[in-house]
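Using the numbering used here, the final residue of the sequence shown is 624, and nothing's skipped along the way.
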Amino acid sequence: MARYKHTDKSQGLFLTVNLQDQLLPDTFEWTIDYLINKIDISSFEQNYNNDEKGAAAYSPRVLLKIILYCYSRGIITSRKIEKACKDNIIVKALAEDCEPDHDTIASFISKNSEAVKDLFAQILLQCSKLKLITGEMFAIDGCKLPSNASKGWSGTLADLKKKRDKLEKYISRLLLHHQELDNNENVKKKLDKYRKTMGDDNERRERSIEELEQKLKKLNEFLEIAKPKIGISGLEIQTNITDNESAIIKGPHGYIQGYNGITIADSGNQVIVCAEAIGSGAENAAFPKMLENLEDNMKTITGKKKPLRKALIQGDTNYFTEDNLQAAARLEVEVLIPDPQFRQRDPYFADKKDEKVKKKHIKTYGFEYFTYNEETDTFTCPAGKTLYFKCDAVLRNNSGRQYRANSSDCSVCPLIDNCIKKRGGRKPARALYVV
Numbered sequence: 190m191a192r193y194k195h196t197d198k199s200q201g202l203f204l205t206v207n208l209q210d211q212l213l214p215d216t217f218e219w220t221i222d223y224l225i226n227k228i229d230i231s232s233f234e235q236n237y238n239n240d241e242k243g244a245a246a247y248s249p250r251v252l253l254k255i256i257l258y259c260y261s262r263g264i265i266t267s268r269k270i271e272k273a274c275k276d277n278i279i280v281k282a283l284a285e286d287c288e289p290d291h292d293t294i295a296s297f298i299s300k301n302s303e304a305v306k307d308l309f310a311q312i313l314l315q316c317s318k319l320k321l322i323t324g325e326m327f328a329i330d331g332c333k334l335p336s337n338a339s340k341g342w343s344g345t346l347a348d349l350k351k352k353r354d355k356l357e358k359y360i361s362r363l364l365l366h367h368q369e370l371d372n373n374e375n376v377k378k379k380l381d382k383y384r385k386t387m388g389d390d391n392e393r394r395e396r397s398i399e400e401l402e403q404k405l406k407k408l409n410e411f412l413e414i415a416k417p418k419i420g421i422s423g424l425e426i427q428t429n430i431t432d433n434e435s436a437i438i439k440g441p442h443g444y445i446q447g448y449n450g451i452t453i454a455d456s457g458n459q460v461i462v463c464a465e466a467i468g469s470g471a472e473n474a475a476f477p478k479m480l481e482n483l484e485d486n487m488k489t490i491t492g493k494k495k496p497l498r499k500a501l502i503q504g505d506t507n508y509f510t511e512d513n514l515q516a517a518a519r520l521e522v523e524v525l526i527p528d529p530q531f532r533q534r535d536p537y538f539a540d541k542k543d544e545k546v547k548k549k550h551i552k553t554y555g556f557e558y559f560t561y562n563e564e565t566d567t568f569t570c571p572a573g574k575t576l577y578f579k580c581d582a583v584l585r586n587n588s589g590r591q592y593r594a595n596s597s598d599c600s601v602c603p604l605i606d607n608c609i610k611k612r613g614g615r616k617p618a619r620a621l622y623v624v
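In structure tokens form, the structure reads like this:
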């Protein structure tokens, strides 16, 4: 019998790890490390005043590398980023063996929202020096980003006031019911017996009432300072008490509470040169602002007064509005945006539509289109092919006979798509059942 080397995965090991060797050239983490080391971070250093006293702080370069890499891997909460600094060897290498806690990470993110814009511009400059941005053609599109807020706490101010009134009535009923249970001696005896077996139901009710009162307090505080949120149409739209800047947006899998993330990418190497997150369901209204931001970014990169004069910007039909076209004309920018009726004028799509209409109206050949021959005990299909008796069969609890054509006849039959289908209607049955 063969002998194998002994293995033990529970054995602890001491490994020598060089953190620099973990950042392999041409990988994403190596690129982050390279770019952050090249840029000027003075805009981040303005929040530090521990030159003469106070504890030493983590370098903004280190924190930026950690956060950008973790965000790219879907690690977006400060506590998970803290854990990655301790467990993930790539993050440890980017952090240069530092382990900032979640408070430090969250504070750094919240205090440097404006400095991130300067960081984005500097990264674009580095990409331009590497000739990764051509500036000849751009494409604009958006995606749906969920926010950390519940759709249940969305509505107009009138809707939220109604929800508050209902919540107050519900809490009042719970409190009244709770008092009645406490005052009823017979119920007390039953509750005591229930608590011995199932636990203290009284504590659960009190905890539930306390949670509802906290929600009511949060709702009242919001309504005291809230103002109507006006949409593009000039009418009031729904607001959210947790994240008032977000909106209810229709995504690919239903409605979500979140943002429209809109980006403009350069055609050369798909480098994103402009990005914005808007709390609105209609992303086309952000097109003029996106053009202005794109022009500002390209001015910084190229140094030209009108960097978009010879450029082309592409977008889908969602961005086809008169306001958007006028905004592009004011900036002397050429845009290629199809109108919603372009398919009706295109012969290619017209032919496809005719094919669908014809296919939709073609009838399915059922049993009545098959001719039976008593002498030979065979059937003839609409294509003129013969179906021979195969065997006795049971279909839907009914006994019958199965007639089947040759597979070679069916495989080349021009009417196969309209022949009798199998159960479920997806594929041709290639057989006829007679009860």
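Even glycine gets a Cβ: it sits at the ideal position worked out from N, Cα and C. Just so it is clear, the structure is predicted and the values come from calculations on it, not from any experiment.
Cα separation between residue i and residue j?
i	j	result
residue 627	residue 605	Since the first residue shown for the chain is 190 and the last is 624, residue 627 is missing from the structure and cannot be characterised.
residue 241	residue 360	55 Å
residue 357	residue 264	39 Å
residue 409	residue 443	29 Å
residue 412	residue 418	12 Å
residue 318	residue 224	12 Å
residue 570	residue 533	39 Å
residue 211	residue 531	52 Å
residue 573	residue 555	15 Å
residue 280	residue 460	24 Å
residue 590	residue 578	7 Å
residue 201	residue 481	58 Å
residue 130	residue 414	In the structure as shown, the chain starts at 190 and stops at 624, and residue 130 therefore has no counterpart that could be examined.
residue 388	residue 196	Summary for residue 388: the model assigns pLDDT 49, below 50, so the residue's position carries little reliability; its value from the coordinates is reported in the next sentence. About 48 Å.
residue 340	residue 401	17 Å
residue 208	residue 453	35 Å
residue 331	residue 498	24 Å
residue 286	residue 257	17 Å
residue 321	residue 520	24 Å
residue 484	residue 502	12 Å
residue 226	residue 260	19 Å
residue 386	residue 363	Model confidence at residue 386 stands at a pLDDT of 49, short of 50, so the residue's coordinates are unreliable; what they give is reported in the following sentence. Answer to the nearest angstrom: the Cα atoms are 24 Å apart.
residue 488	residue 494	6 Å
residue 603	residue 583	29 Å
residue 254	residue 234	15 Å
residue 465	residue 323	21 Å
residue 193	residue 594	59 Å
Tell me the DSSP bridge mates of residue i?
i	result
residue 438	445
residue 354	Answer is none; residue 354 lacks a bridge partner.
residue 525	503
residue 293	BP columns for residue 293 are empty, so no partner.
residue 588	583
residue 428	344
residue 454	328, 461
residue 419	425
For the alpha helix (DSSP H) that residue i lies in, which residues bound it at each end?
i	result
residue 481	476–491
residue 233	231–234
residue 250	249–261
residue 226	217–227
residue 283	278–283
residue 535	Counting along the chain, residue 535 falls outside any alpha helix (DSSP H), and DSSP gives it neither H nor E.
residue 519	511–519
Beta-carbon of residue i versus every beta-carbon of chain B: anything under 8 Å?
i	result
residue 566	Among the chains of the structure shown, chain B does not appear; only one protein chain is present.
Can you have a look at residue i and say buried or exposed, based on whether 16 or more other CB atoms are within 10 angstroms of its CB?
i	result
residue 435	buried
residue 249	buried
residue 271	buried
residue 206	exposed
residue 562	exposed
residue 283	buried
residue 190	exposed
residue 522	buried
residue 203	exposed
residue 608	buried
residue 231	exposed
residue 524	buried
residue 399	exposed
residue 462	buried
For the beta strand (DSSP E) that contains residue i, what are its first and last residues?
i	result
residue 311	Premise fails: residue 311 lies in the alpha helix (DSSP H), 302–318, not in any beta strand (DSSP E).
residue 464	461–467
residue 329	326–335
residue 561	560–562
residue 568	567–569
| message | Between the region 391–404 and the region 292–305, can you find at least three pairs of beta-carbon atoms closer than 8 Å? | response | Verdict: no, contact absent.
| said: Any contact between the region 327–337 and the region 443–452? By contact I mean 3 or more CB pairs, one from each, below 8 Å. | reply: Contact between the region 327–337 and the region 443–452 is present: three or more C-beta pairs spanning the two stretches fall below 8 Å.
| query | Would you call the region 465–475 and the region 497–513 in contact, with 3 or more CB pairs under 8 Å? | reply | Between the region 465–475 and the region 497–513, the count of C-beta pairs closer than 8 Å reaches three or more; the two stretches touch.
| query | Would you call the region 283–298 and the region 311–326 touching, i.e. three or more CB-CB distances under 8 Å? | reply | Verdict: no, contact absent.
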